[in-house]
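So the sequences go chain by chain: C and V.
Start counting the first sequence at 33; every next residue gets the next number (my numbering).
Start counting the second sequence at 39; every next residue gets the next number (my numbering).
We put the CB at the ideal spot given by N, CA and C, even for glycine.
These notes concern the structure reproduced below.
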Amino acid sequence: MLEALKFQLEMMTNPIMLGQVVVNGLTLGGIYVLIALGFTLLFGIMRVVNFAHGEFAMLGGFALYYLYGQFKLPWLIAVPIGAAIVAFGSLILELAVFRWFYQKMFQSMIGTLGLNMALIYGGVLVWDAFERQIPPAFTGVLSLGTVIVPLDKLVVAAMAVMVLAGFYIIMKHTRYGLAMRAAAQDLEIAESQGVNAILMYKVAFFIAIFMAALAGGLYGQIYSLSPTMGERPLLVAFIVVILGGMGSIPGAALGGIILGFIESFLGTFFGALASAFVSFGIVISLLIFRPWGLMGTPE
Amino acid sequence: MAQQSATIGEIPRGGHGVATRAAASGWIVPFAAVVLIMALWPLLVQQPYVINIGTNCCFFAIGAASLHLIIRTGHVSLGHAAFLGIGGYTTVLLFVKAGWPYPLALFAGVAAAGGAALAIGPIILRLTGKYFVLVTFLLGELIRMVFVEWVSLTGGAQGITQIPPPHPLLSSQLAYYYLALTVSALVLAFIIRLLNSEVGRAMDAMRQAPSLTECAGVPVVRFKVMIFAIACALVGLQGGLQAPFLRTIEPLTYGPLESLNMVVMNVIGGMTSIVGPLLGTVFLVVLPELLRDYVLMQRIFYGICLIIVMAFLPGGIVELWSRLGRLLLRREGR
Chain C
33 MLEALKFQLE MMTNPIMLGQ VVVNGLTLGG IYVLIALGFT LLFGIMRVVN FAHGEFAMLG
93 GFALYYLYGQ FKLPWLIAVP IGAAIVAFGS LILELAVFRW FYQKMFQSMI GTLGLNMALI
153 YGGVLVWDAF ERQIPPAFTG VLSLGTVIVP LDKLVVAAMA VMVLAGFYII MKHTRYGLAM
213 RAAAQDLEIA ESQGVNAILM YKVAFFIAIF MAALAGGLYG QIYSLSPTMG ERPLLVAFIV
273 VILGGMGSIP GAALGGIILG FIESFLGTFF GALASAFVSF GIVISLLIFR PWGLMGTPE
Chain V
39 MAQQSATIGE IPRGGHGVAT RAAASGWIVP FAAVVLIMAL WPLLVQQPYV INIGTNCCFF
99 AIGAASLHLI IRTGHVSLGH AAFLGIGGYT TVLLFVKAGW PYPLALFAGV AAAGGAALAI
159 GPIILRLTGK YFVLVTFLLG ELIRMVFVEW VSLTGGAQGI TQIPPPHPLL SSQLAYYYLA
219 LTVSALVLAF IIRLLNSEVG RAMDAMRQAP SLTECAGVPV VRFKVMIFAI ACALVGLQGG
279 LQAPFLRTIE PLTYGPLESL NMVVMNVIGG MTSIVGPLLG TVFLVVLPEL LRDYVLMQRI
339 FYGICLIIVM AFLPGGIVEL WSRLGRLLLR REGR
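Written as structure tokens, this is what we have:
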């Protein structure tokens, strides 16, 4: 018992292992932030709790599977194009489904749960339920001193960071971003100042789905791809958004990174079960003592 | 015209809002009629398959109606199936593994579900709106994870199979149907009576104006905890009764999908009166049976149904009914 504990402690302070943990944490955290940002954007702007968010990630995974795995497009092109195709296609769902649920939080939960179900089983109908693999984009490792880093994870982290930077620029430095932030803060005042709210909903929806689909592609490449794979990203989006505060964009970024590192650290040293219990426990206690999250504002 | 409005006025509304003395006892006749019909139809249709659907209907009605109690206090719980699981697992484990007599095991199951709710309730019932939904969703996941991972006790993902019938008499499907009907009729009568009492009025008040209710001298949180514990104990009763009927118990039955199903029963039927969850139960138990041969299509159809109902009929089937009434009235008036 003591020996095992000692061994574990040694592992934890080993720089090679720690390097792995950090890179894994960054990769997971990047993917989680991508998913959670869209989720929180939709909630902040149109008050829709999108329970189908994980399934858009699933669609992104399949887009990458076809573009990269089957049609052999270069990976750097296949990833954004796949996400864009899913986001454009999803605008149809926006017109058919989401527009009925603008500013209706409760109805949107049940309605998007229905959409979630239709998408999962529609996916099973088309692609069957078995798990597929997207071939890895990069093989090989990068060694920085004593730390050895698998290249594909590093590329995924870099991709996530790039998209996040793009998102930040759009939100902070363009008129659309300004309008979206205004609509999220106070819809009525924003509309009275000439912000076209319906257009902003569609732009926000496009951005949110783009990021979810992109994250789904990256996630599907690291793990595996199946129509039911959206469950985990949905749960993650949930946890991250609660951690950061619902509707808060910096909160989602912070929450994603925190969750990524918790999972990477506990998952490596104590197993997946321990990390699941701890992250659930943290979120439940946070909800009880500070329900508006780390960076949200109390209502 | 007068006659028309009189017939529409007779639709049982479940004592929502103003509950007069007449309305408080007005539910007994329609309720007794429904129970009588439910008790008699198996004599006409003697297929065991159809009777099993009836049994399931009775069981799920307990869960949906108990969730309705929580919803009436202003909280939507997405973790109700976890308490179904606590009741089911406790009953089955004590009955099968510890060899307790079934009624005692069932009682323990009900007490465990109610006790767990009593322990968690004071902490989580201070949350409102979306936060309560989220915390119960996560709590439900956490409890389901315990069912899956505590393999030595619960049998893990496979669960426990070949649970014997609780009593030799209950090995026939018809006998089980009548047991389910009796229990669910008793539970429903209790719930309706509760909703029509002073407690029910306090529940409506604390949903619509929590601070005002507090000022009026109702200890809101204590009241909510009590209702929550009662509702969870009742759903635990469903779990304990249903597991020996299904002969197996597995964590999948108690996951978020099942919790969602119970919410959907309430939402599809209508959340403002007890008629809603009962209609929703019949709808959601019988409809999938009709599409049994096309499981995939059934799920897709179910999802699309949810979207349509939420988009166009947020008050549920009950609202369709009252809308139809208003439409007829307007026609008549012209």
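* Asked: Which chain V residues sit within Cβ distance under 9 Å of Val-129 of chain C?
  -> Under the 9 Å cutoff, chain V gives Ile-345, Ala-349.
* Scan the stretch 317-344 of chain V for residues whose Cβ lies nearer than 9 Å to a Cβ of chain C and list them as they occur along the chain. => Per Cβ criterion, the list reads Val-333, Leu-334, Met-335, Gln-336, Arg-337, Ile-338, Phe-339, Tyr-340, Gly-341, Ile-342, Cys-343, Leu-344.
* **CB contact below 9 Å: Gly-167 of chain V versus chain C** => Yes, its Cβ sits closer than 9 Å to a Cβ of chain C.
* Same chain only: Cβ atoms within 7 Å of Asn-90 of chain V, ignoring 5 sequence neighbours per side -> Same-chain partners within the cutoff: Gln-211.
* To do: Check distances from the C-beta atoms of the stretch 287-304 of chain V to those of chain C and list, in chain order, the residues that come in under 8 Å.
  => Listed by position, the residues of the stretch 287-304 of chain V near chain C (Cβ gap below 8 Å) are Leu-298, Val-301, Val-302.
* **Backbone CA spacing between Leu-366 of chain V and Trp-359 of chain V [nearest angstrom]** => Rounded to whole angstroms, Leu-366 of chain V and Trp-359 of chain V show a C-alpha spacing of 11 Å.
* To do: Check distances from the C-beta atoms of the stretch 140-153 of chain C to those of chain V and list, in chain order, the residues that come in under 9 Å.
  => For the stretch 140-153 of chain C, the beta-carbon criterion of a distance under 9 Å to any beta-carbon of chain V is satisfied by Ser-140, Met-141, Ile-142, Gly-143, Thr-144, Leu-145, Gly-146, Leu-147, Asn-148, Met-149, Ala-150, Leu-151, Ile-152, Tyr-153.
* With a 10 Å radius around its C-beta and 16 neighbouring C-beta atoms as the bar for buried, classify Val-186 of chain V as buried or exposed. => By the 10 Å Cβ count, Val-186 of chain V comes out buried.
* Asked: Less than 8 Å between the CB of Gly-114 of chain C and some heavy atom of the ligand SAH, yes or no?
  -> With respect to the ligand SAH, the structure shown offers nothing to examine, as it has no ligands at all.
* From Pro-352 of chain V to Gly-126 of chain V, what does the alpha carbon distance come to, in whole angstroms? -> One C-alpha to the other measures close to 32 Å.
* Quick one: what's got a C-beta closer than 6 Å to Leu-58 of chain C's C-beta in the same chain, skipping five residues either side? -> Answer for Leu-58 of chain C: Ala-189, listed in chain order.
* Touch check for the stretch 60-78 of chain C and the stretch 315-323 of chain C: three-plus C-beta pairs under 8 Å? -> Three or more Cβ pairs closer than 8 Å define a contact, and the stretch 60-78 of chain C falls short of that threshold against the stretch 315-323 of chain C.
* Local Cβ density within 10 Å of Cys-253 of chain V, reported as buried at 16 or more and exposed below that -> Using a 10 angstroms sphere on the CB of Cys-253 of chain V, the tally of other CB atoms stays under 16, which defines it as exposed.
* Which residue from C:Ser-311, C:Phe-238, C:Ser-256 puts its Cα closest to that of Ile-124 of chain C? -> Answer by Cα proximity: C:Phe-238.
* At 7 Å on the CB atoms, spell out the chain V contacts of Trp-132 of chain C, in chain order. => At a C-beta separation below 7 Å, Trp-132 of chain C has these neighbours in chain V: Ala-349.
* To do: Step through the CB atoms of chain C and report whether any lies within less than 9 Å of the CB of Met-183 of chain V.
  => Judged by the 9 Å Cβ criterion, Met-183 of chain V is in contact with chain C.
* At what residue ranges does the stretch 73-138 of chain V contain a whole run of the alpha helix (DSSP H), taking only runs of 4 or more? -> Those alpha helix (DSSP H) runs which fall completely within the stretch 73-138 of chain V and span 4+ residues are 86-110, 118-130.
* Run the CB neighbour count on Pro-202 of chain V, radius 10 Å, all protein chains shown included, and call it buried at 16 or more, exposed below. => By the Cβ-count criterion, Pro-202 of chain V is exposed, with fewer than 16 other Cβ atoms from all chains shown falling within 10 Å of its own Cβ.
* Asked: Where do the N-terminal and C-terminal ends of the beta strand (DSSP E) with Leu-174 of chain C fall, by residue?
  -> Where Leu-174 of chain C is concerned, the enclosing beta strand (DSSP E) stretches over 173-176.
* Asked: Alpha carbon to alpha carbon, how far is Gly-292 of chain C from Leu-246 of chain C?
  -> Looking at the two C-alpha atoms, the distance is approximately 17 Å.
* Looking only at its own chain, which residues have a Cβ that is under 6 Å from the Cβ of Gly-93 of chain C, when we skip the five neighbours before and after it? -> In chain order, Gly-248, Gly-249, Gly-252, Leu-257 place their CB closer than 6 Å to the CB of Gly-93 of chain C, counting only its own chain and leaving out the 5 sequence neighbours on each side.
* To do: Quick one: using the 10 Å Cβ neighbour count with 16 as the cut-off for buried, is Gly-47 of chain V buried or exposed?
  => Only weak support exists for where Gly-47 of chain V lies, its pLDDT of 34 falling under 50; the value from the coordinates is given anyway. When all chains shown are included, Gly-47 of chain V counts as exposed.
* Asked: Is Gly-55 of chain V helix, strand or coil when you go by DSSP?
  -> Its pLDDT being 45, under 50, Gly-55 of chain V is placed unreliably by the model, and nothing is read from it.
* Contact with chain V by Gly-92 of chain C, beta-carbon distance below 9 Å -> The Cβ of Gly-92 of chain C sits no closer than 9 Å to any Cβ of chain V.
* Asked: Is the Cβ of Ala-308 of chain C closer than 9 Å to any Cβ of chain V?
  -> Under the 9 Å criterion on CB atoms, Ala-308 of chain C is classed as interfacial with respect to chain V.
* Contact set between Leu-305 of chain C and chain V, taken where Cβ atoms lie within less than 9 Å -> Here the neighbours are Met-183, Glu-187.
* Asked: What are the uninterrupted segments assigned as alpha helix (DSSP H) that are 4 or more residues long and contained completely in the stretch 286-361 of chain V, given in chain order?
  -> If only uninterrupted alpha helix (DSSP H) runs of at least 4 residues are considered, those enclosed by the stretch 286-361 of chain V are 294-307, 313-328, 333-350.
* **Tyr-208 of chain C to Ala-236 of chain C span [Cα, whole Å]** => It is roughly 9 Å from the alpha-carbon of Tyr-208 of chain C to the alpha-carbon of Ala-236 of chain C.
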